[in-house]
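Undergrad: Okay, so the sequence shown: first residue is 6 according to this note's numbering, each after it adds one.
Here a beta-carbon is modelled for each residue, glycine too, at the ideal position from N, C-alpha and C.
Questions regarding the structure given below will be posed in turn.
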Amino acid sequence: MALQKPAVAFAAGAAGGFANSLAVWIFGILGITAAMGVGIAPALSAGWLYPRIVWGGLWGLLLLLPIRPGNWVFRGILFSLGPTLVQLLIVFPYKARTGMFGLDLGMMTPGIVVLFNLVWGLVAAWIYDREIER
Numbered sequence: 006m007a008l009q010k011p012a013v014a015f016a017a018g019a020a021g022g023f024a025n026s027l028a029v030w031i032f033g034i035l036g037i038t039a040a041m042g043v044g045i046a047p048a049l050s051a052g053w054l055y056p057r058i059v060w061g062g063l064w065g066l067l068l069l070l071p072i073r074p075g076n077w078v079f080r081g082i083l084f085s086l087g088p089t090l091v092q093l094l095i096v097f098p099y100k101a102r103t104g105m106f107g108l109d110l111g112m113m114t115p116g117i118v119v120l121f122n123l124v125w126g127l128v129a130a131w132i133y134d135r136e137i138e139r
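Below, the structure written as structure tokens:
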């Protein structure tokens, strides 16, 4: 039983990572990101999807923190800030070389990143709270 909560947190985060990835992909194929002037439109492939699901699971371990248990919306919003800040302040400028906040991909990039990570946070927190309350 000792691993139940961490396992659920990882699984919920991974599901959130999958939901986030689908949102990014759908926005790309529908041309929504392009219409907003943002150059994010990935192909849906295992190589692109797998790390996003694993990282989503790792970020899901934040759900183990005892911050407002039972209020999944608040926790989803709060915990979505972690991956958002890492993406905007570390991944984009240093790994992807797309400038601070990913602005080389378009001026609306930070807003899009906040939106997509909010999808992750809300899905992960909802699943975690739903499964832990059983």
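Hey, quick one: how far does the alpha helix (DSSP H) through PRO47 stretch, first residue to last?
TA: For the purposes of this step, residue 47 is taken as residue 42 along the sequence shown, with counting starting at 1. Looking at the DSSP string, PRO47 is not in any alpha helix (DSSP H), and its letter there is neither H nor E.
Undergrad: Counting only beta-carbon atoms, is ALA39 nearer than 8 angstroms to chain D?
TA: In the structure shown, chain D cannot be found, because there is only a single protein chain.
Undergrad: Report the option in VAL29, MET41, ALA40 whose CA atom is closest to the CA atom of ALA48.
TA: By 1-based counting over the sequence shown, the position of residue 48 is 43. Minimum Cα distance to ALA48 is reached at VAL29.
Undergrad: Does the segment 13–20 come into contact with the segment 117–130, if we say contact requires no fewer than three beta-carbon pairs (one atom in each stretch) closer than 8 angstroms?
TA: Yes: the two stretches touch, three or more of their Cβ pairs being nearer than 8 angstroms.
Undergrad: Can you tell me the Cα-Cα spacing of GLU136 and LEU54, whole angstroms?
TA: By 1-based counting over the sequence shown, the position of residue 136 is 131. By 1-based counting over the sequence shown, the position of residue 54 is 49. Going from the Cα of GLU136 to the Cα of LEU54 covers about 24 angstroms.
Undergrad: Residues in the same chain with beta-carbon distance under 7 angstroms from THR38, minus the five sequence neighbours each way, listed in chain order, please.
TA: The residue labelled residue 38 in the question sits at position 33 within the sequence shown. Closer than 7 angstroms at Cβ, skipping near neighbours: PHE32, ILE45, ALA46, ILE117.
Undergrad: Beta-carbon within less than 7 angstroms of PHE121's beta-carbon, same chain only, minus the 5 sequence neighbours each way: which residues are those?
TA: Residue numbering aside, residue 121 sits at position 116 when the sequence shown is read from its first letter. Taken in chain order, the residues that qualify are ASN25, ALA28, VAL29.
Undergrad: Report the option in ARG102, GLY81, PRO98, GLU138 whose CA atom is closest to the CA atom of VAL119.
TA: Start at 1 with the first residue of the sequence shown, and residue 119 comes out as number 114. Selected option, being the one with the closest Cα: GLY81.
Undergrad: Hey, quick one: how far does the alpha helix (DSSP H) through TYR99 stretch, first residue to last?
TA: On the sequence shown, position 94 is the one that residue 99 refers to. That residue, TYR99, is in no alpha helix (DSSP H); it is neither H nor E in DSSP.
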